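K.L.:
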Amino acid sequence: MERWYKIGIFALTALLLFSDAVLAGGPFVINTDGEPQLWSTIQPVPFHTDLGPLGLLSNEEAIALVEEALQVWEDVPSASISFAAAGSLPVDVTGNNVFDLLDIPGDRISPIIFDHDGTVIDAILGVGASRDILGLTAIELSQSSQILEAQAILNGSVLDGKPPNLDVSRDTFLATIIHEFGHYINLDHSQINSEFAFDFDVSNDDSLPTMFPIASDSESKSILHFDDIATVSTLYPAPDFAVSTGAIEGEILLGNGIVPFQGANVIARRTADPINDATSYVSGALFKNDFGGGTGDLALKGWYKISGLPPGNYTIEVEQIDPTFTGGSSLNPLDPPAILPGPEEFYNGAREAGSIALDDPTDKTEINVAAGEIVDGIDIFLNTLEVGDSDIGLALVLTKLKYKLREFGDRIIAKLRVSNLDGGVITSPVSIQMWISNDPILDISRDDLVAMNEINPVNFPLAAPIDVKLKSEELSSADGKFAIFVIESEDENAQQAKLMNQVVQEIGGRGCDKDSFRLEHESNDSLAQAQSLGKIGLNECLTVRGTLTNNNASVVDEDVFRIIVKQPATLEIMLTHDTANEFDVLIFGLGQVALCEAACSFVLPDGENTPLAIIISPLSGIGNYTLDIQTTLSD
117 MERWYKIGIF ALTALLLFSD AVLAGGPFVI NTDGEPQLWS TIQPVPFHTD LGPLGLLSNE
177 EAIALVEEAL QVWEDVPSAS ISFAAAGSLP VDVTGNNVFD LLDIPGDRIS PIIFDHDGTV
237 IDAILGVGAS RDILGLTAIE LSQSSQILEA QAILNGSVLD GKPPNLDVSR DTFLATIIHE
297 FGHYINLDHS QINSEFAFDF DVSNDDSLPT MFPIASDSES KSILHFDDIA TVSTLYPAPD
357 FAVSTGAIEG EILLGNGIVP FQGANVIARR TADPINDATS YVSGALFKND FGGGTGDLAL
417 KGWYKISGLP PGNYTIEVEQ IDPTFTGGSS LNPLDPPAIL PGPEEFYNGA REAGSIALDD
477 PTDKTEINVA AGEIVDGIDI FLNTLEVGDS DIGLALVLTK LKYKLREFGD RIIAKLRVSN
537 LDGGVITSPV SIQMWISNDP ILDISRDDLV AMNEINPVNF PLAAPIDVKL KSEELSSADG
597 KFAIFVIESE DENAQQAKLM NQVVQEIGGR GCDKDSFRLE HESNDSLAQA QSLGKIGLNE
657 CLTVRGTLTN NNASVVDEDV FRIIVKQPAT LEIMLTHDTA NEFDVLIFGL GQVALCEAAC
717 SFVLPDGENT PLAIIISPLS GIGNYTLDIQ TTLSD
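Each residue of the sequence shown is one higher than the one before, counting from 117 in our numbering.
#1: Per DSSP, what kind of secondary structure is Glu590 in: helix, strand or coil?
#2: Could you tell me the distance, in whole angstroms, from the CA atom of Asp315 to the CA atom of His693?
#3: Find out if the Cβ-Cβ distance for the pair Leu743, Glu698 is shorter than 8 Å.
#4: Over the uninterrupted beta strand (DSSP E) stretch that includes Leu241, give me the two end residues.
#5: Hey, how far is the Cα of Glu482 from the Cα of Ala384?
#6: In chain order, which continuous runs of the alpha helix (DSSP H) of length 4 or greater are located wholly inside the segment 325 to 366?
#7: What would DSSP say about His299, mapped onto helix, strand or coil?
#8: Taking 8 Å as the threshold (C-beta atoms), are Ala401 and Asn448 in contact?
#9: Whole angstroms are fine: how far does the CA of Leu691 sit from the CA of Leu711?
#10: With Leu369 and Asp495 assumed to form a contact (beta carbons below 8 Å), what rounded beta-carbon distance in angstroms separates them?
#11: Assess, as a yes-or-no matter, whether the segment 195 to 202 is touched by the segment 149 to 163 under the definition of 3 or more beta carbon pairs within less than 8 Å.
#12: Counting beta carbon pairs with one atom in the segment 293 to 307 and one in the segment 249 to 257, are three or more of them shorter than 8 Å?
#13: So, is Phe215 buried or exposed, given that buried needs 16 or more other C-beta atoms within 10 angstroms?
#14: Can you say whether Glu724 is buried or exposed, counting buried as having 16 or more other CB atoms within 10 angstroms of its CB?
#15: Are the Cβ atoms of Gly272 and Leu205 separated by less than 8 Å?
#16: How long is the line joining the alpha carbons of Ser760 and Ala291, rounded to whole angstroms?
#17: Asn372: which of Gly234, Pro457, Val719 sits nearest, CA to CA?
#18: Where does the unbroken beta strand (DSSP E) through Gln708 begin, and where does it stop?
#19: Would Thr665 be called buried (16 or more neighbouring beta carbons within 10 Å of its own) or exposed?
#20: Which class does Gly141 belong to by DSSP, given the choice of helix, strand or coil?
#21: Give me the Cβ distance between Gln262 and Ser156, rounded to the nearest whole Å; I'm assuming they're in contact under 8 Å.
#22: Taking only the alpha-carbon atoms, compute the straight-line gap between Leu658 and Val375 and give it to the nearest angstrom.
#23: Kindly give me the distance between the Cβ atoms of Phe342 and Gln378, rounded to whole angstroms, as I take these residues to be in contact under 8 Å.
#24: How close, in whole Å, do the beta carbons of Gly366 and Val485 come, if the pair is a contact with beta carbons under 8 Å?
#25: Quickly, what does DSSP pair Arg224 with across the bridge? List them, please.
#26: One question on the structure: do Leu706 and Thr726 come within less than 8 Å of each other, judged by their Cβ atoms?
#27: In angstroms with no decimal places, state the Cα-to-Cα distance between Ile432 and Ala178.
#28: Do Phe718 and Ile689 count as a contact pair if the criterion is CB distance below 8 Å?
#29: Assuming the contact rule is C-beta atoms closer than 8 Å, Ala268 and Ile240 should be a hit. Round their C-beta distance to whole Å, please.
#30: For the alpha helix (DSSP H) that Ser186 lies in, which residues bound it at each end?
#31: What would DSSP say about Ser399, mapped onto helix, strand or coil?
#32: Which value, in whole angstroms, describes the spacing of the CA atoms of Lys520 and Ile652?
#33: Exposed or buried, which one is Gln645 when buried takes at least 16 other CB atoms within 10 Å?
#34: Three-state secondary structure (DSSP) at Gln645?
#35: Indicate the three-state DSSP secondary structure (helix, strand or coil) for Ile472 in the structure shown.
#36: Taking Phe215 as part of the beta strand (DSSP E), name the residues at either end of that continuous run.
As structure tokens, this is what we get:
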């Protein structure tokens with residue numbers, strides 16, 4: 117017996133005054149292998165129509181409108197998808213019986229519900245929802261992760277000529293149905309040319325894609341945009357699609373050129389017609405998302421691929437996905453959307469850099485795309501705001517951090533060296549704030565302020581190391597990277613806002629009882645020379661940073677460490693290093709040996725004060741590495 121589950125609800129909202137919410141394009145539902153969910157194209161995609169009217173439209177007229185909308189998707193020459201009427205629903209669906217029909221997984225019925233008076237949408241989303249929502253779509257999957265059923269609900273209360281809902285024209289509502297059937301086959305919303313949606317000028321709305329999430333008064337969205345065509349063709353390609361069009365792919369990375377950034381809207385625009393010939397893809401769309409799908413392959417976290425490009429010259433740019441779109445109007449992969457760490461910008465080739473001082477965001481490089489060609493390596497280093505780029509004026513160098521969990525408030529001591537970047541003098545109290553983040557970018561709307569303290573200027577000498585005791589609550593439940601900032605207490609709220617989008621200092625922090633940091637002293641490539649890391653207890657962490665300097669036929673530089681584990685535990689070992697290198701970590705003790713390339717577990721089932729040896733060895737390359745050790749209770 118197959119298990120079924122429903123994936124999300126897409127909502128097309130009415131365009132209301134002052135609304136400024138938009139989304140980005142591509143597939144929405146992704147399986148755990150990092151693949152978009154698709155209908156089989158061996159046979160037509162089925163649909164079952166409701167028995168009742170749709171506003172002032174009779175049942176026959178409503179069905180004709182549905183078939184007209186489906187034909188728009190079928191007529192895309194570069195796509196291969198078709199639809200077939202599979203019969204009628206067993207009942208006329210209303211707000212009173214809708215859940216009797218929707219709560220039957222695996223019945224192989226894909227209902228197109230004609231919500232005659234808006235009561236169905238109100239029953240699902242709450243009373244009054246039908247005043248803002250023109251349509252809803254949901255997809256149902258089996259364990260095979262193939263789309264086998266879907267549901268679409270069309271709001272007839274905007275076609276009934278009655279208040280309080282304002283009516284729309286038949287052609288405008290046709291665009292709504294085309295939009296909902298885009299979701300029906302797993303197209304996400306699209307943010308292309310969003311500036312035209314809110315300029316109170318209907319004449320340019322033909323530049324908006326059909327999959328734009330906000331309905332307008334324009335009837336032009338019943339005609340598919342370049343972006344709609346490229347997306348449906350990518351998901352359901354015609355036989356000659358790959359050889360007749362090209363693609364651009366690359367990664368969106370933070371300013372250091374290493375850390376991938378998930379959730380940026382990446383746009384390709386053909387220079388011959390940049391408004392109408394534009395399509396997009398969200399970076400990291402195939403990586404783990406907030407909707408239960410996506411792969412854990414880190415190579416895909418910042419990756420994008422924009423397909424369906426006719427031959428020509430293109431520019432690539434990244435833009436912010438509007439942060440106000442969440443819930444039913446959210447998009448893959450993140451809800452709420454990620455915040456760019458700096459300004460929106462264009463790809464500019466060899467001039468790509470991670471700082472505004474070195475990289476003009478408006479500078480662009482054209483990319484030539486030929487038919488059948490995939491242009492790769494088009495990577496953008498986001499102009500990330502470093503701590504030193506902010507106008508807060510104070511920067512920290514953390515030399516040591518340790519903390520201990522206590523029943524009444526955790527004890528945190530940070531040894532800091534503080535420098536004044538702008539040459540000013542500290543005359544007022546400052547606040548030392550400790551934030552914790554799950555990613556390398558600080559977002560005060562998403563991350564947690566876990567500890568802070570206020571320091572008087574007389575106790576805060578510049579360029580001198582000081583110990584700062586931070587007062588915290590519930591630090592034991594925190595898990596992520598720590599960032600510590602200094603701000604002026606008299607303007608705390610405003611300066612907190614300035615912390616947004618700065619790069620989190622990777623100074624550890626995994627919710628451990630005790631967290632210590634060590635540096636490799638010197639080359640020590642034998643057990644006799646092993647550097648002691650001291651003792652480590654249950655739920656404690658240790659980070660070691662070092663450098664391997666030799667690796668050739670005659671000399672191989674290895675670092676050997678010795679550690680004492682106080683009690684039975686499982687050691688979680690992680691080794692990270694420069695991307696051009698390949699290092700291994702070897703752990704042995706009590707007759708056991710474990711070899712890790714990147715991460716592994718080493719179990720000590722019994723014993724006290726057990727000695728272990730840890731060897732860091734280069735298989736290829738030389739350079740910097742970080743060894744992270746965390747102890748947990750053995751199963």
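C-beta: ideal position from N, C-alpha, C; glycine also. Treat the numbers as computed from the prediction; the structure is a model and nothing was measured.
P.N.:
According to the structure shown:
#1: Note that Glu590 scores a pLDDT of 47, beneath 50, so its modelled location is shaky; the value from the coordinates is reported in the next line. Coil.
#2: 49 Å
#3: no
#4: From DSSP, Leu241 is part of no beta strand (DSSP E) but of the alpha helix (DSSP H) over 235 to 241.
#5: 10 Å
#6: 342 to 351, 357 to 360
#7: helix
#8: yes
#9: 11 Å
#10: 6 Å
#11: yes
#12: yes
#13: exposed
#14: exposed
#15: no
#16: Examination of residue 760 is not possible in this model, given that the chain is present from 117 through 751 alone.
#17: Pro457
#18: 708 to 712
#19: exposed
#20: Residue placement at Gly141 is poorly supported in this model, since its pLDDT is 41, which falls under 50; the coordinates are not used for a value here.
#21: 7 Å
#22: 22 Å
#23: That pair is no contact at about 25 Å.
#24: Not confirmed; about 13 Å, so no contact.
#25: DSSP lists no partner for Arg224.
#26: yes
#27: 41 Å
#28: yes
#29: No, Ala268 and Ile240 are not in contact; Cβ-Cβ is about 12 Å, not under 8 Å.
#30: First, the residue type needs correcting, since residue 186 is Leu and not Ser in the sequence shown. Segment 175 to 190, the alpha helix (DSSP H) holding Leu186.
#31: coil
#32: Reliability of the predicted coordinates at Lys520 is poor, the pLDDT of 48 falling under 50, and the value obtained from them is presented with this limitation in mind. The alpha-carbon atoms of Lys520 and Ile652 are separated by roughly 13 Å.
#33: exposed
#34: helix
#35: coil
#36: Where Phe215 is concerned, there is no enclosing beta strand (DSSP E), although the alpha helix (DSSP H) it sits in stretches over 214 to 218.
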